[in-house]
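K.L.:
Handing you this structure, nothing more for now.
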């Protein structure tokens with residue numbers, strides 16, 4: 005039986021939509037993962053090797069161990085958000101003559117394949133090689149390895165247990181996150197020391213190998229807690245999120261804009277009520293805080309080209325995240341749009357106002373960066389104008405290239421379903437055009453004129469909005485059959 | 005009213021629909037039957053300008069559907085779940101459709117009242133998104149939304165599929181009323197020969213993209229169709 009389970013899992017993985025991509029995208033994604041992995045590994049090796057130099061006052065092993073508990077807490081939080089509870093995958097087996105205990109053990113065993121369980125390898129192996137191997141015996145190191153392994157698996161099963169129990173109120177995860185930050189702060193101000201506690205547990209394993217019994221006990225407890233609740237509750241409906249009555253909110257303000265307001269309202273609801281778009285929203289703060297990576301450093305403050313890039317990025321979070329999948333967002337009901345909407349000019353204008361409006365708001369929010377220099381304010385203003393006058397039309401024009409159905413019910417992290425070349429191509433003109441406008445002025449030594457030129461181009465775009473919108477609509481009318489055909493294809 | 009001329013549709017060189025001439029008159033109730041792959045949905049999609057014809061055209065009120073948008077104002081349609089905005093509640097969806105078709109609040113209220121029996125208390129006021137409704141209730145939402153604007157032309161693809169027996173009977177009654185009172189031109193496809201003969205006065209059998217029969221309904225029609233498909 006187990007053979008069949010494994011065979012089916014393998015088939016499922018091989019046939020998942022993730023692999024169903026063009027070669028170019030597979031390579032792109034593969035490259036991305038490789039870079040991430042590589043950076044992680046190099047960082048980990050560097051850190052392990054230089055521990056003694058980074059913290060000259062502390063014992064490197066104790067210092068490292070003081071972070072371990074925090075690491076696991078973070079891991080727990082990340083799993084809580086991203087790791088799937090694998091219960092539903094056994095639904096097709098439930099009616100078959102199989103022992104429940106077999107199914108439950110299979111479900112729990114499957115969770116071990118989660119990639120979160122493999123991250124610690126990158127983090128711990130260099131530490132063990134550089135800091136433990138030269139000074140400790142084989143037995144001590146073996147005990148340490150197993151205690152870490154047991155803890156990783158404990159976190160794995162604990163997170164499943166809690167996620168299953170609390171799947172309806174994810175705010176608990178937020179509370180947990182705040183708790184970690186709070187404990188970190190208390191640690192920093194030397195009020196409570198979680199770090200010391202962490203050191204105590206994991207360093208003691210090295211001196212007293214029997215201490216591995218502690219994580220082993222936690223692991224067994226976590227496994228059996230899961231096992232018990234699953235055996236008694238192996239009903240798919242109990243493992244789904246409980247559906248409560250939904251609260252319906254209307255944005256009254258938009259109603260006064262008639263049909264356009266209504267279309268905007270629809271897009272906003274689309275964003276708030278579907279998992280995929282909703283989970284992109286957590287990136288907004290990253291966009292807005294982007295300035296903090298650059299502005300505090302003198303070198304960047306003199307690189308105006310770089311600042312233009314930052315400005316475009318910060319004033320256009322919705323433009324970029326929402327813009328890259330315009331039309332695709334609506335793929336599940338696109339035939340309804342085509343048969344009911346008679347005026348596509350209006351349809352696209354609704355999308356334009358969403359992008360332009362949010363850019364304006366983002367500009368207001370990022371105004372305090374002016375504290376780093378008034379020229380930053382000027383650059384961001386020029387970028388905002390460009391993100392209002394020109395870039396939305398580029399986005400809308402290219403949106404007619406989107407023809408892949410987007411499954412809105414899955415989260416966006418590491419989700420490459422519905423991704424095509426369009427999304428990669430899109431970012432090129434958005435960033436490149438403003439820089440190209442700026443470049444000749446900069447070459448002739450007048451950077452400020454270049455910035456002004458970007459802003460003026462944006463204003464011109466606003467002035468010629470009717471013409472630009474016509475280009476968008478005409479291209480859409482030409483390509484609508486191809487788009488609709490692609491969207492019907494569920495793959 | 006709906007004028008089909010030299011219409012063909014090919015996929016990869018294979019002809020899936022070939023209609024040299026088909027005229028559907030105003031007020032006609034037009035039923036389309038045929039086995040899977042006969043071209044029913046393809047034809048409806050061509051009428052609604054959802055796919056591009058390989059050759060020929062469909063005209064609604066002398067307007068080629070691929071070149072104009074006016075026909076959309078008088079046409080109500082529901083083919084499949086690709087028409088439903090499933091993250092809205094039914095009420096929100098109807099409001100959205102009312103907005104698109106410029107229908108007043110009062111008319112929307114009347115619409116709710118008219119469809120109360122059809123919904124059978126399972127659609128409105130449930131505080132559920134459409135995606136959380138059962139397939140049958142989603143189907144009800146789609147059919148009702150197609151009728152919301154009181155269209156002159158109604159296009160439904162297999163509307164009886166997934167409906168419970170009570171609703172099937174109510175839908176037949178509703179469609180017959182529309183035909184007699186409002187004179188709505190109807191295009192309906194179905195796999196159920198009983199239903200289609202209950203509702204439609206003209207029945208066309210499609211087979212491999214071509215018209216095999218074009219019958220004005222009489223007492224023998226059901227028998228004739230059954231014999232055709234049994235053979």
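Residue numbers (the working numbering), protein chains in the order written: chain C, 5 to 495; chain U, 5 to 235. Note that CB positions come from ideal geometry on N, CA and C, so glycine has one too. Since we're looking at a predicted model, the values are computed, not measured.
How big is the Cα-Cα spacing for residue 55 of chain C and residue 123 of chain C?
P.N.:
Near 20 Å, if we compare the C-alpha coordinates of residue 123 of chain C and residue 55 of chain C.
K.L.:
Any residues in the segment 96-129 of chain U with a beta carbon nearer than 9 Å to a beta carbon of chain C? Which ones, in chain order?
P.N.:
Within the segment 96-129 of chain U, the residues whose Cβ lies closer than 9 Å to some Cβ of chain C are 96, 99, 100, 101, 103, 104, 105 and 106, listed in chain order.
K.L.:
Can you find the residues in the same chain that come closer than 6 Å, C-beta to C-beta, to residue 530 of chain C, ignoring five residues on each side of it along the sequence?
P.N.:
Lying before the first or after the last residue shown, residue 530 of chain C is absent from chain C, which here runs from 5 to 495.
K.L.:
Tell me, which residues are paired with residue 211 of chain U by DSSP?
P.N.:
Answer is U:214, bridged to residue 211 of chain U.
K.L.:
Whole angstroms are fine: how far does the CA of residue 53 of chain U sit from the CA of residue 371 of chain C?
P.N.:
Each residue's Cα considered, the two are about 48 Å apart.
K.L.:
Indicate whether residue 157 of chain C and residue 121 of chain C have their beta-carbon atoms separated by less than 9 Å.
P.N.:
In this structure, residue 121 of chain C lies closer than 9 Å to residue 157 of chain C by Cβ.
K.L.:
Near residue 382 of chain C, which residues of its chain fall below 7 Å by C-beta distance, leaving aside the five closest residues on each side in sequence?
P.N.:
455, listed in sequence order.
K.L.:
Counting only the same chain and skipping the five closest in sequence on each side, list residues whose C-beta sits under 7 Å from that of residue 68 of chain C.
P.N.:
Contacts found: 55, 131 and 135.
K.L.:
Once the 5 residues before and after residue 161 of chain U are set aside, which same chain residues still bring their CB inside 6 Å of it?
P.N.:
Closer than 6 Å at Cβ, skipping near neighbours: 45, 48, 83 and 193.
K.L.:
How about the segment 207-223 of chain U and the segment 13-23 of chain U: do they share at least three Cβ pairs that are nearer than 8 Å?
P.N.:
Output reads yes: the segment 13-23 of chain U touches the segment 207-223 of chain U.
K.L.:
Taking the alpha-carbon positions, what's the residue 444 of chain C to residue 304 of chain C distance?
P.N.:
So the two alpha carbons sit approximately 20 Å from each other.
K.L.:
So that I know if they touch, is there some Cβ in chain U lying closer than 9 Å to that of residue 345 of chain C?
P.N.:
Judged by the 9 Å Cβ criterion, residue 345 of chain C is in contact with chain U.
K.L.:
How would you label residue 139 of chain C, buried or exposed, when you count the other beta carbons within 10 angstroms and need 16 or more for buried?
P.N.:
Exposed: under 16 other Cβ atoms inside 10 Å.
K.L.:
Could you check the C-alpha separation between residue 14 of chain C and residue 43 of chain C for me, to the nearest Å?
P.N.:
The straight-line gap from Cα to Cα measures roughly 29 Å.
K.L.:
CB-CB under 6 Å to residue 430 of chain C, same chain, minus the five flanking residues each way: which ones, in chain order?
P.N.:
Taken in chain order, the residues that qualify are 328 and 402.
K.L.:
Would you say residue 407 of chain C and residue 288 of chain C are within 9 Å of each other, going by their C-beta atoms?
P.N.:
Contact: no.
K.L.:
Quick one: is residue 131 of chain U buried, meaning 16 or more other Cβ sit within 10 Å of its Cβ, or exposed?
P.N.:
Exposed, because fewer than 16 other Cβ atoms sit within 10 Å of the Cβ of residue 131 of chain U.
K.L.:
Counting only beta-carbon atoms, is residue 337 of chain C nearer than 9 Å to chain U?
P.N.:
Judged by the 9 Å Cβ criterion, residue 337 of chain C is in contact with chain U.
K.L.:
Check each candidate in C:159, C:72, C:234 and C:280 and name the one with the smallest Cα separation from residue 200 of chain C.
P.N.:
Selected option, being the one with the closest Cα: C:72.
K.L.:
With DSSP as the reference, label residue 73 of chain U as helix, strand or coil.
P.N.:
Coil, per DSSP.
K.L.:
Give me the DSSP bridge partner(s) of residue 12 of chain U.
P.N.:
DSSP lists U:22 and U:59 as partners of residue 12 of chain U.
K.L.:
I need the boundaries of the alpha helix (DSSP H) containing residue 45 of chain U, first residue and last residue.
P.N.:
Residues 44-51.
K.L.:
Just the Cα atoms here: how many angstroms apart are residue 93 of chain U and residue 186 of chain U?
P.N.:
Their Cα atoms are separated by approximately 29 Å.
K.L.:
Can you list the residues of chain U that residue 340 of chain C reaches, using a CB-CB cut of under 8 Å?
P.N.:
Simply 86, 87, 88 and 89.
K.L.:
Find the nearest neighbour of residue 150 of chain C within the set C:105, C:221 and C:194, judged by alpha-carbon distance.
P.N.:
Residue C:221 is the option with its Cα nearest to residue 150 of chain C.
K.L.:
What residues in its chain sit with their C-beta under 6 Å from that of residue 145 of chain C, if we drop five residues either side in the sequence?
P.N.:
Result list for residue 145 of chain C: 136, in chain order.
K.L.:
Do you know whose CA, among C:75, C:125 and C:30, lies nearest residue 45 of chain C's CA?
P.N.:
Residue 45 of chain C has its Cα closest to that of C:125, out of C:75, C:125 and C:30.
K.L.:
With burial defined as no fewer than 16 other Cβ atoms inside 10 Å of the residue's Cβ, what is the status of residue 10 of chain U: buried or exposed?
P.N.:
By the 10 Å Cβ count, residue 10 of chain U comes out exposed.
K.L.:
Taking CB distances under 9 Å as the criterion, tell me whether residue 266 of chain C reaches chain U.
P.N.:
Output row for residue 266 of chain C: interface = yes.
K.L.:
Does any residue of chain U bring its CB to less than 9 Å from the CB of residue 354 of chain C?
P.N.:
By this cut-off, residue 354 of chain C is not an interface position.
K.L.:
Assuming residue 336 of chain C and residue 90 of chain U form a contact by the criterion Cβ under 8 Å, report the distance between their Cβ atoms to the nearest whole angstrom.
P.N.:
So it is a contact: roughly 6 Å between Cβ atoms.
K.L.:
Locate the beta strand (DSSP E) running through residue 84 of chain U, then write down its first and last residues.
P.N.:
Note, residue 84 of chain U: premise wrong, no beta strand (DSSP E); not H, not E.
K.L.:
Take the Cβ of residue 142 of chain U as the centre, count every other Cβ of all protein chains shown within 10 Å, and call the residue buried at 16 or more, exposed below.
P.N.:
Buried, since its Cβ has 16 or more Cβ neighbours within 10 Å.
K.L.:
Can you grab the Cα-Cα spacing for the pair residue 110 of chain U / residue 153 of chain U, in whole Å?
P.N.:
Cα to Cα, residue 110 of chain U sits roughly 13 Å from residue 153 of chain U.
K.L.:
Does the segment 390-402 of chain C come within contact of the segment 349-364 of chain C, defined as at least 3 CB pairs closer than 8 Å?
P.N.:
Flag = yes, the segment 390-402 of chain C and the segment 349-364 of chain C touch.
K.L.:
Do the segment 281-299 of chain C and the segment 309-327 of chain C meet, that is, are 3 or more Cβ pairs less than 8 Å apart?
P.N.:
With a cut-off of 8 Å, the segment 309-327 of chain C and the segment 281-299 of chain C count as touching, because enough Cβ pairs lie within range.
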